[in-house]
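>
Residue numbers (UniProt numbering), protein chains in the order written: chain V, 1 to 338; chain P, 1 to 338.
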């Protein structure tokens, strides 16, 4: 199945609803509504059916996944009443496919590591990148769904994208191993780790990882495709299009660390939580910096992953200017003696 | 007021309850219970009073803060029925004082920056640390409250603490300035950014910030003290005790960037969310590495901040061993040509 999240108007204002997407038949199914109808056919009172359906299939995919088997069972049962709870797929307002408790992003594809260091860092990749599957953590406050407009931060002249697989965690787990980690993977989505390359260079020497160079926007969507629909992650085709023009054709290959190893590593002394998103790291030639181009205001970027779908993001025409930016402080260590 | 979170047994299992702590009178007040009693005295039916009270004063402090003024008003009203909903302060099971949507940790005290670079990095602090208030993000999955035991990760031989102020966000905000950022600060807590120093050194060259060196445990508590109880952040006294012995006496001073500047900077193109915790960075001599000592299994560490309280963490006697750790990969760039 393909699970997405859309926004609808209600008397209480905008509400997020969980949907099953059926791109082939051009529709999305409101899962709580269709499950309520299913429960009614089995004898539930209408109001009680609605309450139960919203409890099991809430607008939060993370909360839904926390229900375990009751969640997936209900989603499948709900499809029986799909015809009475569907919308045209082109007419819904998408939101980030998953509301993740924690967003982490790895670095697992050799070709991108090589390209990035040759072009951006202009230095040999660190040995440590091959010692363990590194990752950073992103703010969960700035997630964008399919077709949602990304503000263009005024502080960057190098707004870039990154084509990644987003691994979506289905159940919690600590201290996993590569042998059992994949049982905790619910599905995959397309993940766009938008990046401000000039800011990235300025932040790296601080040694605390990415901050403003990443935390202005994460694209997550269009939906989460469950693993039973994916024959193999390895070999999945990926494509980058800007304003309709194909800029990169690539595929999932050259894992430095496999998804199973990445998930297991993340879980050591930490905990995977239902709904957590872990980015694969950028696929080879999956970022603009690898092919010498960046995004301009008004551009439209599409990232496609075979078997999942296309995540489309229009970039705002205006730049968003923050009213304040820190002044550099006086540097007190000119005459440093270690 | 001082807001904390405790765990209690119920017929449905453990439940987290929001409490007001009154250390001087030796009690904590169950806020939802006391607010329900207040509502009953104003004419509410008992069951409805309970539902309303739990909606306004839930176990999630982040969710509660999201209610804005209704939350604080209810908490104050609740104190009128405190005598009928109190527990002895020494007998409750504390949990992390706030369940933060995002944990960020800054680097704002000059003395610690200096000590850390002299002793750990053995290098001059980067100029970039003084160009902007850097910070990293921590997993929200591994938070520990007052008196909760911290597992000792087997992968480190250098388990360390960091004495910090935890700034707790009260309301959401984007693109703030130092002039208005403090309006978004709800209160402060004691934050222990536990660290594995040997792992930190191994992770830094990856360039993605802290991972395993931080994400095994964050101490948050004992409670969140609201800003009206704090005359001034600057000058607050801090103390570190291990097994009862005072190892560091320090204070809040030498801000490279002020709390207002740190909060404003975090909010640029990102969003502060109610309940977010932003660490101040370590106070001078607030970490073991600065004074040449680390934690052993079975140690008890106490961090005290004047005006807030003491966060006590027993370290487990046994080491927690993960069943798997990644093997280093072959390094493919020995003959790198940039």
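For each residue, glycine too, the CB sits at the ideal point set by N, CA and C.
(1) For residue 99/V, does the count of other Cβ atoms within 10 angstroms reach 16, so buried, or fall short, so exposed?
(2) Assign residue 250/P to one of two classes, buried (16 or more other C-beta atoms within 10 Å of its C-beta) or exposed (fewer than that).
(3) Could you say if the stretch 168 to 187 of chain P and the stretch 266 to 275 of chain P meet the contact criterion of at least three C-beta pairs nearer than 8 Å?
(4) Going by DSSP, name the residue or residues bridged to residue 238/V.
(5) Pick out whichever of 205/P, 247/P, 219/P and 257/P has its Cα sitting closest to the Cα of residue 234/P.
(6) So, helix, strand or coil for residue 193/V, using DSSP?
(7) Strictly below 7 Å CB to CB, what residues from chain V border residue 170/P?
(8) To the nearest angstrom, how far is the alpha carbon of residue 13/V from that of residue 87/V?
(9) Mapping DSSP to helix, strand and coil, what is residue 265/V?
(10) Does residue 191/V get closer than 7 Å to chain P when you measure Cβ to Cβ?
(11) Taking 7 Å as the threshold (beta carbon to beta carbon), is residue 97/V in contact with chain P?
(12) Could you give the first and the last residue of the continuous beta strand (DSSP E) run that contains residue 226/P?
(13) Here's the rule I'm using: 16 or more other beta-carbon atoms within 10 Å means buried, otherwise exposed. How should residue 138/V be labelled?
(14) Could you spell out the range, first to last residue, of the beta strand (DSSP E) harbouring residue 77/V?
(15) Could you compute how far the alpha carbon of residue 219/P sits from the alpha carbon of residue 17/P?
(16) Determine which residues of the stretch 213 to 238 of chain P have a Cβ less than 7 Å from any Cβ of chain V, and write them out in chain order.
(17) Does the distance from the CB of residue 210/P to the CB of residue 311/P come in under 7 Å?
(18) Taking Cβ to Cβ, would you say residue 154/P is nearer than 7 Å to residue 27/P?
(19) Any residues in the stretch 259 to 270 of chain P with a beta carbon nearer than 7 Å to a beta carbon of chain V? Which ones, in chain order?
(20) Does the distance from the CB of residue 161/P to the CB of residue 315/P come in under 7 Å?
(21) Run the CB neighbour count on residue 243/V, radius 10 Å, all protein chains shown included, and call it buried at 16 or more, exposed below.
(22) What is the DSSP secondary structure of residue 128/V, counted as helix, strand or coil?
(23) Please report whether the beta-carbon of residue 127/V lies at a distance below 7 Å from any beta-carbon of chain P.
(24) Between 324/P, 75/P, 216/P and 254/P, which lies nearest to residue 149/P when the distance is taken from Cα to Cα?
(25) Could you please tell me which residues of the stretch 195 to 208 of chain V, in chain order, have their CB closer than 8 Å to any CB of chain P?
(26) For residue 224/V versus residue 97/V, is the C-beta spacing smaller than 7 Å?
(27) Could you compute how far the alpha carbon of residue 8/V sits from the alpha carbon of residue 93/V?
(28) Does the stretch 77 to 85 of chain P come within contact of the stretch 116 to 131 of chain P, defined as at least 3 CB pairs closer than 8 Å?
(29) Count the C-beta pairs between the stretch 321 to 329 of chain V and the stretch 40 to 49 of chain P that are closer than 8 Å, then say yes if the count reaches three, no if not.
(30) Using a beta-carbon distance cut-off of less than 8 Å, what residues from the stretch 140 to 169 of chain P approach chain V?
(31) In angstroms, rounded to a whole number, what distance separates the CA positions of residue 64/V and residue 36/V?
(32) Whole angstroms are fine: how far does the CA of residue 54/P sit from the CA of residue 48/P?
(33) Under the rule that 16 or more other beta-carbon atoms within 10 Å means buried, what is residue 10/V, buried or exposed?
(34) Quick check on DSSP: helix, strand or coil for residue 313/P?
(35) Short of 8 Å in beta carbon distance, which residues of its chain neighbour residue 134/P, apart from the five on each side in sequence? Order them along the chain.
(36) Do residue 254/V and residue 111/V come within 7 Å of each other at the CB atom, strictly closer than that value?
In short, the structure shows the following:
(1) By 1-based counting over the first chain, the position of residue 99/V is 99. With 16 or more Cβ atoms within 10 Å of its Cβ, residue 99/V is classed as buried.
(2) Walking along the second chain from the start, residue 250/P turns up at place 250. Classification of residue 250/P: buried, given that the 10 Å Cβ count is 16 or more.
(3) Judged by Cβ distances under 8 Å, the stretch 168 to 187 of chain P makes contact with the stretch 266 to 275 of chain P, as three or more pairs qualify.
(4) By 1-based counting over the first chain, the position of residue 238/V is 238. Residue pairing of residue 238/V in beta bridges, as defined by DSSP: 250/V and 305/V.
(5) Residue numbering aside, residue 234/P sits at position 234 when the second chain is read from its first letter. Among 205/P, 247/P, 219/P and 257/P, the Cα nearest to that of residue 234/P belongs to 257/P.
(6) Residue 193/V sits at position 193 when you count from the first residue of the first chain. Reduced to three states, the DSSP call for residue 193/V is strand.
(7) In the second chain, residue 170/P corresponds to position 170, counting from 1. None at all; the shortest Cβ gap to chain V is about 15 Å.
(8) Looking up residue 13/V in the first chain gives position 13. Looking up residue 87/V in the first chain gives position 87. Taking the straight line from one Cα to the other gives about 19 Å.
(9) Counting from 1 along the first chain, the entry for residue 265/V is found at position 265. Helix.
(10) As a working mapping, residue 191/V is identified with position 191 in the first chain. So, not an interface residue.
(11) Numbered from its first residue, the first chain carries residue 97/V at position 97. No - not a single Cβ of chain P is within 7 Å of the one on residue 97/V.
(12) Taking the first residue of the second chain as 1, we reach residue 226/P at position 226. Bounds of the beta strand (DSSP E) holding residue 226/P are 218 to 226.
(13) Position 138 of the first chain, counted from the start, is the residue given in the question as residue 138/V. So residue 138/V counts as buried.
(14) Your numbering for residue 77/V matches position 77 in the first chain. Where residue 77/V is concerned, there is no enclosing beta strand (DSSP E), although the alpha helix (DSSP H) it sits in stretches over 69 to 78.
(15) Indexing the second chain from 1 puts residue 219/P at position 219. Indexing the second chain from 1 puts residue 17/P at position 17. A direct Cα-to-Cα measurement between residue 219/P and residue 17/P gives close to 18 Å.
(16) Taking 7 Å as the Cβ-Cβ cut-off against chain V, the residues of the stretch 213 to 238 of chain P that qualify are 215 and 216.
(17) As a first step, residue 210/P is located in the second chain; it is residue number 210 there, counting from the start. As a first step, residue 311/P is located in the second chain; it is residue number 311 there, counting from the start. Between residue 210/P and residue 311/P, the C-beta spacing is not below 7 Å.
(18) By 1-based counting over the second chain, the position of residue 154/P is 154. By 1-based counting over the second chain, the position of residue 27/P is 27. In terms of Cβ geometry, residue 154/P and residue 27/P do not form a close pair [threshold 7 Å].
(19) Within the stretch 259 to 270 of chain P, the qualifying residues are 261, 264, 265, 268, 269 and 270.
(20) Within the second chain, the letter at position 161 stands for residue 161/P. Within the second chain, the letter at position 315 stands for residue 315/P. Not closer than 7 Å, so no.
(21) Position 243 of the first chain, counting from 1, holds the residue named residue 243/V. Burial call: exposed.
(22) What you label residue 128/V is simply residue 128 of the first chain in a count that begins at 1. Residue 128/V falls in the helix class under three-state DSSP.
(23) Within the first chain, numbered from 1, the residue matching residue 127/V stands at position 127. Using beta-carbon distances, residue 127/V counts as an interface residue toward chain P, with a partner under 7 Å.
(24) In the second chain, counting from the first residue as 1, residue 149/P sits at position 149. When each option's Cα is compared against that of residue 149/P, the closest is 216/P.
(25) Only 202, 203, 204, 205, 206, 207 and 208 from the stretch 195 to 208 of chain V bring a Cβ to less than 8 Å from some Cβ of chain P.
(26) Counting from 1 along the first chain, the entry for residue 224/V is found at position 224. Counting from 1 along the first chain, the entry for residue 97/V is found at position 97. Inclusion of residue 224/V and residue 97/V in the CB contact set at 7 Å is warranted, their separation being smaller than that value.
(27) Taking the first chain and counting its residues from 1, one reaches residue 8/V at position 8. Taking the first chain and counting its residues from 1, one reaches residue 93/V at position 93. The alpha-carbon atoms of residue 8/V and residue 93/V are separated by roughly 7 Å.
(28) Touching, no, given that fewer than three Cβ pairs across the two stretches are closer than 8 Å.
(29) In short, these stretches do not touch, since the Cβ pair count stays below three.
(30) Within the stretch 140 to 169 of chain P, 140, 141, 142, 151, 153 and 155 place their CB atoms closer than 8 Å to a CB of chain V, listed in sequence order.
(31) The count along the first chain starts at 1 and reaches residue 64/V at position 64. The count along the first chain starts at 1 and reaches residue 36/V at position 36. Those two C-alpha atoms are separated by around 15 Å.
(32) Reading the second chain from its first residue, position 48 is the one you call residue 48/P. Reading the second chain from its first residue, position 54 is the one you call residue 54/P. About 10 Å.
(33) Locating residue 10/V in the first chain gives position 10, counting from the first residue. Residue 10/V comes out exposed.
(34) Along the second chain, read from residue 1 onward, the residue named residue 313/P stands at position 313. Note: residue 313/P maps to strand in three-state DSSP.
(35) Position 134 of the second chain, counted from the first residue, corresponds to residue 134/P. So the list reads 106, 107 and 128, once near-sequence residues are dropped.
(36) Locating residue 111/V in the first chain gives position 111, where the first residue counts as 1. Locating residue 254/V in the first chain gives position 254, where the first residue counts as 1. For residue 111/V and residue 254/V, yes; Cβs fall inside 7 Å.
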